[in-house]
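2 protein chains.
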Amino acid sequence: MSDADVELPEGIELAWGLRERPGKGPRRSLTLEQVVAAGIAVADSEGLAAVSMSRVAGEVGVATMSLYRYVPTKSDLLDLMLDTAYGGPPDPLDPDAGWRPALAHWATELLARIRRRPWVRHVPVGGPPMGPNQVRWLEQGLAALRDTDLRGTARLSTILLLSGYARTWASLTLDMAEAAVGSGVTPDEAGERYWRQLERLTRTGPYPELRRLMAEAAQDGDDEELDAEWRFGLDRILDGVAALVRDRPGG
Amino acid sequence: MSDADVELPEGIELAWGLRERPGKGPRRSLTLEQVVAAGIAVADSEGLAAVSMSRVAGEVGVATMSLYRYVPTKSDLLDLMLDTAYGGPPDPLDPDAGWRPALAHWATELLARIRRRPWVRHVPVGGPPMGPNQVRWLEQGLAALRDTDLRGTARLSTILLLSGYARTWASLTLDMAEAAVGSGVTPDEAGERYWRQLERLTRTGPYPELRRLMAEAAQDGDDEELDAEWRFGLDRILDGVAALVRDRPGG
DNA sequence: GCTGTACTGCTTACACCGTACGCAGAAGTT
DNA sequence: AACTTCTGCGTACGGTGTAAGCAGTACAGC
Chain A
1 MSDADVELPE
11 GIELAWGLRE
21 RPGKGPRRSL
31 TLEQVVAAGI
41 AVADSEGLAA
51 VSMSRVAGEV
61 GVATMSLYRY
71 VPTKSDLLDL
81 MLDTAYGGPP
91 DPLDPDAGWR
101 PALAHWATEL
111 LARIRRRPWV
121 RHVPVGGPPM
131 GPNQVRWLEQ
141 GLAALRDTDL
151 RGTARLSTIL
161 LLSGYARTWA
171 SLTLDMAEAA
181 VGSGVTPDEA
191 GERYWRQLER
201 LTRTGPYPEL
211 RRLMAEAAQD
221 GDDEELDAEW
231 RFGLDRILDG
241 VAALVRDRPG
251 G
Chain B
1 MSDADVELPE
11 GIELAWGLRE
21 RPGKGPRRSL
31 TLEQVVAAGI
41 AVADSEGLAA
51 VSMSRVAGEV
61 GVATMSLYRY
71 VPTKSDLLDL
81 MLDTAYGGPP
91 DPLDPDAGWR
101 PALAHWATEL
111 LARIRRRPWV
121 RHVPVGGPPM
131 GPNQVRWLEQ
141 GLAALRDTDL
151 RGTARLSTIL
161 LLSGYARTWA
171 SLTLDMAEAA
181 VGSGVTPDEA
191 GERYWRQLER
201 LTRTGPYPEL
211 RRLMAEAAQD
221 GDDEELDAEW
231 RFGLDRILDG
241 VAALVRDRPG
251 G
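In order, the protein sequences belong to chains A and B.
When we follow full-length UniProt numbering, the leftmost residue of the first sequence carries the number 1, and every step to the right adds one.
When we follow full-length UniProt numbering, the leftmost residue of the second sequence carries the number 1, and every step to the right adds one.
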């Protein structure tokens, strides 16, 4: 075997379309894309917990076990759902605009994708990112730093930092909103409710910083304020990168 | 009901020890702490997937359903396990040393805690963080910024940014290491293996940045290099915060 | 003391899950 | 036509979380 034959997990090969069908037996009645789309449809309308093999099979009109002709395992199906739910990265901005708007665009679009399909944050991650769309996102993020003098590992760390922030931020805001729903409060009150609960818990005990923060945060908490906080963290990352790029001019 | 009675999820009240036992019936044979510790023991030795109600019950010597006298639901048990697995935040550094070492210490210790119990990254999050230890971590992180002139929401975003980075970084490195294990390769080769797989996938297709990066990353990949990459991202965040603090001197 | 009550741990039962296995039939190859 | 390989599917198995009910225990009030 040449060095070209690196062992790849079966699910990854499926995602990249590397499993060629010999076309010997009867024609398949479905495509992998249809199965994945059905899973996404269930998750979209009823949440990730509703995604069971039998539920997806029913959605697509086959028996439960037939799905295993397309997907080796449920976990692989979820991985595929995740990758196509993110979709490809957005069109890059005008490269002449510089790395900073490009990265901000990239990260903000990532946040938007998670918000559009909130269940993606609940998909258990099974290994380092290797899906085709995830790799395309990575490529696109690295490309935003093309004209800087950052070393390769530095670029990678930056992208990782940004994606981690987007996922963390999306999780927190979505968790807060969903925790508020089901208690009969409007989504606007989601944050406020969380702060009130925290205030109740920290009433006794040494939490001076938290209590000061809560007094401040009580009055504001609408969507605009939330968005401003997101942008704050984003700008801190980009400021940090900017400081480094300035420190090593003319690579 | 006064405003003191904010509805709190039962699991949260349990975590904070707010459920007082009337002491009417027979003595309980267990404590909540024992149940949680048993769950952690199972997760430590056999992974989070091995944590089932019957398994934990067996570990502690009671019947499965007896656990439900201590915990309303498995999800609550996992939340409790998570909170005690993180443990309390580390002792703060000398406050005179400034906010930057304090935050670096805080984030690095958080990373170490996740590494010590790798299963914590697989616990499905159920709502915004409200466990006692998580709140203490938050308080400690905010305290590191006490002597800066940052606004409250800015401090919160900074802490969120740091914790998100620590969790993302821990997940990636642990995922890579675990993906390599089971294929008979040493942990040192974990990163290298990942890059080789990525190289195989991106061989055909427009991935110029990734291919450049992989050529660079192929030769280095030991633990020291990994740690340097972690510190890079951390320093970028802190640089960004520093830029902001400098921009608003003497609040 | 006695009685009522609230709590204990436990057993049973249920619905559902992911998936290993084997089978009949369909579509290619020889 | 014979063989091979793949298809979709039915059955079955071991496991899951947990709702409901049950006998026994410890305390409260009388």
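Even glycine gets a Cβ: it sits at the ideal position worked out from N, Cα and C.
Would a C-beta distance cut-off of 9 Å place residue i and residue j closer than the cut-off?
i: residue 134 of chain B; j: residue 83 of chain B; result: yes
i: residue 243 of chain A; j: residue 243 of chain B; result: yes
i: residue 14 of chain A; j: residue 72 of chain A; result: yes
i: residue 167 of chain A; j: residue 110 of chain A; result: yes
i: residue 12 of chain A; j: residue 130 of chain A; result: yes
i: residue 104 of chain B; j: residue 143 of chain B; result: no
i: residue 138 of chain A; j: residue 80 of chain A; result: no
i: residue 174 of chain B; j: residue 212 of chain B; result: no
i: residue 233 of chain B; j: residue 165 of chain B; result: yes
i: residue 42 of chain A; j: residue 56 of chain A; result: yes
i: residue 85 of chain A; j: residue 59 of chain A; result: no
i: residue 201 of chain B; j: residue 8 of chain A; result: yes
i: residue 126 of chain B; j: residue 163 of chain B; result: no
Counting only beta-carbon atoms, is residue i nearer than 9 Å to chain B?
i: residue 208 of chain A; result: yes
i: residue 114 of chain A; result: no
i: residue 188 of chain A; result: no
i: residue 163 of chain A; result: yes
i: residue 106 of chain A; result: no
i: residue 169 of chain A; result: yes
i: residue 158 of chain A; result: yes
i: residue 237 of chain A; result: yes
i: residue 240 of chain A; result: yes
i: residue 99 of chain A; result: no
i: residue 61 of chain A; result: no
i: residue 21 of chain A; result: no
i: residue 337 of chain A; result: Outside the shown range of chain A, which is 1 to 251, sits residue 337 of chain A, and nothing can be said about it.
i: residue 87 of chain A; result: no
i: residue 201 of chain A; result: yes
i: residue 111 of chain A; result: no
i: residue 183 of chain A; result: yes
i: residue 225 of chain A; result: yes
i: residue 155 of chain A; result: yes
i: residue 196 of chain A; result: yes
i: residue 30 of chain A; result: no
i: residue 58 of chain A; result: no
i: residue 92 of chain A; result: no
Contact criterion: CB-CB distance below 9 Å. Does residue i meet it with respect to chain A?
i: residue 34 of chain B; result: no
i: residue 12 of chain B; result: yes
i: residue 192 of chain B; result: no
i: residue 271 of chain B; result: Residue 271 of chain B is absent from the structure shown; chain B starts at 1 and stops at 251.
i: residue 45 of chain B; result: no
i: residue 264 of chain B; result: Absent from the model: residue 264 of chain B. The displayed extent of chain B is 1 to 251, so no value can be given.
i: residue 288 of chain B; result: This structure does not reach residue 288 of chain B, given that chain B is present from 1 up to 251, and the question cannot be answered.
i: residue 50 of chain B; result: no
i: residue 244 of chain B; result: yes
i: residue 249 of chain B; result: Confidence at residue 249 of chain B is low in this model, with a pLDDT of 47, below 50, so the placement of that residue is unreliable and no value is reported for it.
i: residue 270 of chain B; result: With chain B represented from 1 up to 251, any question about residue 270 of chain B goes unanswered, as that position is not in the structure.
i: residue 228 of chain B; result: yes
i: residue 102 of chain B; result: no
i: residue 172 of chain B; result: yes
i: residue 233 of chain B; result: yes
i: residue 41 of chain B; result: no
Tell me whether residue i, by its Cβ, gets closer than 8 Å to a heavy atom of the ligand MN.
i: residue 237 of chain A; result: Of the ligands one can find in the structure shown there are none, so the ligand MN has no counterpart to examine.
Residues in the stretch 119-152 of chain B with C-beta within 7 Å of chain A's C-beta atoms, listed in sequence order?
-> 122, 124, 125, 127, 128, 130, 135, 138, 139, 142, 143, 146, 152
Alpha helix (DSSP H) segments (min. 4 residues) lying fully within the stretch 52-84 of chain B = 53-60
Write down every uninterrupted run of the beta strand (DSSP E) in the stretch 179-226 of chain B whose length is 3 residues or greater and which is fully enclosed by it, in chain order.
-> none
Of all the alpha helix (DSSP H) runs that stay within the bounds of the stretch 110-185 of chain B, which reach a length of 4 or more residues?
-> 132-144, 152-180
Short-range partners of chain B found in the stretch 72-85 of chain A, where Cβ spacing is below 8 Å | none
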